[in-house]
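Protein sequences, first through last, are from chains A and B.
So for the first sequence, my numbering puts the first residue at 1; every next one is plus one.
So for the second sequence, my numbering puts the first residue at 1; every next one is plus one.
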Amino acid sequence: MGQRTPLYNEHLALNAKVVDFAGWDMPIHYGSQLEEHHQVRRGCGLFDVSHMRVVDLTGADCRPFLSHLVANDVAKLTTYGRALYTCMLNPQGGVIDDLIVYHFADDRFRLVVNAGTADKDIAWMREQAKAFANLTITPRADLAMIAVQGPTAPQTLYAAVAGSEAAVAALKPFNAAWLGGVDATDATLIARTGYTGEDGFEIMLPATQAATVWQALLQAEGKPIGLGARDTLRLEAGMNLYGQDMDEQIGPLESGLSWTVDLKNAERNFIGRSALPTQPTQQLVGLVLLDRGVLRSHQKVITAQGEGETTSGTFSPSMNASIALARVPAGVALGDAVEVEIRDKRLKARVVKAPFVRNGKVLVSVE
Amino acid sequence: MKLINDLKYTKSHEWVRVEADGTLTVGVTDHAQELLGDIVFLELPDAGRTVKAGEDCAVIESVKAASDIYAPVSGEVIANNDAAVGAPESVNGDAFGTWLFKIKPANTAEVDALLDAAAYQASVDAGN
């Protein structure tokens, strides 16, 4: 038996098929992964993401610590509730994890890290924190997290959670606000973030309230969505999955994450900076399969510039075609014809710009 | 578990119907489609291909993963179901009504050795 989130019994009540994910017993689907996928593109889906770990940072050294710890620059975080997506690198320039940093004050930030890497992340942060006197790192196992995603996510959230509309209706993407304006460690934080390519929210709330809020969201037309659809949704949205599209052996520049690496401040010597290549020899690109078949991870990609490999692949329910992210030589360009080896056959694919789908619309042609 | 009594079965979740002319019609069981989830792709053996019993000769892919389909007996493939290739979700809708390929068996003893419905049920119950 793995670890269980505060919503485990809710999943059982909804007839979820439960599987192990990073040591957690999580719902993979509640019936049909395809229907769940479409529900998020067309309506509103609910995800239990309580396995992800919230880590609060407090103390006067928060900014200098984060400035050293992560590859994106927290100097961009100046307004209350603003969020930043970033990688945390090792000294070799590999990715320890990708995470979101929320800013509330110079001495108060919140991080959300992946489930499978949480313990390693916290150990790494504590190690790096030794050089900073005024810093407290507080993992928040007492919190649950529910993602409400899809074009009708606002209506569902507002109907289910009293006071939520007043708190978040004006929020732009990558901003967060406290429910009821109560900024306290045991209050509810609602962020306009997600992992689907749709509008929506991620609610961080006390674990003791999770089941009540979950049930209210179900009452308000939200449908439960398992990890299976979460993966097809994020891949269509062109979003990386840690451990699959990047890991400790590969850097952000070779993982489609150059936009998250901020080199503008030459003085800022963040961990891993000196190891980043000036001319990466590889890049992460999107692929659309033109022949019949399904792309999966670790398939060989043959290009005019040499071989590469798919890192994530799936059948895209929105496109009714197969898509992938692939690491290929740096010279490969958008629109290039490539081949992917699937069970000793070579199938035709085309290099495209991710995301594949955003806000319910397919952005790339499968012709 | 949904089963049809007068079909034969394999431990690897194929169903087999013995036709009047001795040829075999093959599909995957309802239990198999349930395990696989939403099916989105089928690759079936061409007519004329010779297969051995237990040989992986077809591929079925769901949104989740790819799985092999095995030849229930040795013989020659004499047909495959193009309609199913064009609409792989029909396996989810009606696994026993969606045949995938037909085989002319090389050895009738292999056909007799296939599982009946009760034996297949027991195999699934045992965790296969």
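C-beta atoms are modelled at their ideal positions from N, C-alpha and C, and glycine is treated no differently.
First and last residue of the alpha helix (DSSP H) that includes B/Glu61? Judged by DSSP secondary structure, B/Glu61 falls outside any alpha helix (DSSP H) and instead within the beta strand (DSSP E) spanning Asp56 to Ser62.
Does any residue of chain B have a CB that is nearer than 8 Å to the CB of A/Arg350? Proximity of A/Arg350 to chain B, defined by a Cβ-Cβ separation below 8 Å, is not satisfied.
Do you know offhand how far A/Gly243's Cα is from A/Pro317's? In a straight line, the C-alpha of A/Gly243 is about 23 Å away from that of A/Pro317.
Using 8 Å for Cβ pairs, my map puts A/Asp20 next to A/Gly31. What's the rounded Cβ distance? Not confirmed; about 20 Å, so no contact.
Give a yes or no on whether the minimum CB-CB distance between B/Asp38 and chain A is below 8 Å. With 8 Å as the cut-off, B/Asp38 counts as an interface residue toward chain A.
Delimiting residues of the beta strand (DSSP E) encompassing B/Met1: B/Met1 -> no beta strand (DSSP E), and no H or E assigned at all.
Between the alpha carbons of A/Asp336 and B/Ile39, how many angstroms are there, rounded? Each residue's Cα considered, the two are about 29 Å apart.
For a test of the three-state rule: what should DSSP assign to A/Gly228, helix, strand or coil? In the structure shown, A/Gly228 adopts helical secondary structure according to DSSP, grouped into three states.
Under 7 Å by beta carbon: chain A residues contacting B/Ala66: Residues of chain A passing the Cβ test: Val294 and Arg296.
Going by other Cβ atoms of all chains shown within 10 Å of its Cβ, with 16 needed for buried, is A/Met52 buried or exposed? A/Met52 should be labelled buried.
Can a CB atom of chain A be found closer than 8 Å to the CB of B/Phe101? In terms of beta-carbon proximity, B/Phe101 stays away from the interface with chain A, with every pair separated by 8 Å or more.
To which residues does DSSP link A/His29 through a beta bridge? Within the DSSP secondary-structure output, A/His29 pairs in a beta bridge with A/Lys17.
Using 8 Å as the threshold, is the C-beta distance between A/Asp245 and A/Ser258 below it? It is not a contact, given that the beta carbons lie outside the stated cut-off.
If you drop the 5 nearest sequence neighbours on each side, which residues of the same chain put their C-beta closer than 7 Å to that of B/Val63? Apart from the 5 residues on each side of it in sequence, B/Val63 sits with its Cβ closer than 7 Å to the Cβ of Gly37, Asp38 and Val40 in its chain, given in chain order.
When you compare the CB positions of A/Val54 and A/Arg110, do they come within less than 8 Å of one another, or not? With contacts defined as CB atoms closer than 8 Å, A/Val54 and A/Arg110 qualify as a contacting pair.
Can A/Ala75 be considered in contact with the ligand NAD, in the sense that its beta carbon sits closer than 7 Å to one or more heavy atoms? This structure does not include the ligand NAD; it has no bound ligands of any sort.
Taking only three categories from DSSP, how would you classify A/Ile122? Residue state for A/Ile122 is assigned as helix, using DSSP reduced to three classes.
What whole-angstrom Cβ distance do A/Met88 and A/Leu69 have, given they're in contact under 8 Å? Sure, about 6 Å apart at Cβ, within 8 Å.
Selected residue, minimal CA-CA separation from A/Lys300, among A/Arg268, A/Val338 and A/Leu157: Nearest in C-alpha terms to A/Lys300, of all of A/Arg268, A/Val338 and A/Leu157, is A/Val338.
Does the CB of A/Thr311 have a neighbour CB from chain C at under 8 Å? You won't find chain C in this structure, because its protein chains are A and B.
Taking 8 Å as the cut-off, does the stretch 183 to 202 of chain A touch the stretch 320 to 335 of chain A (at least 3 CB pairs, one atom from each stretch)? No, because fewer than three Cβ pairs between the stretch 320 to 335 of chain A and the stretch 183 to 202 of chain A fall closer than 8 Å, the two stretches do not touch.
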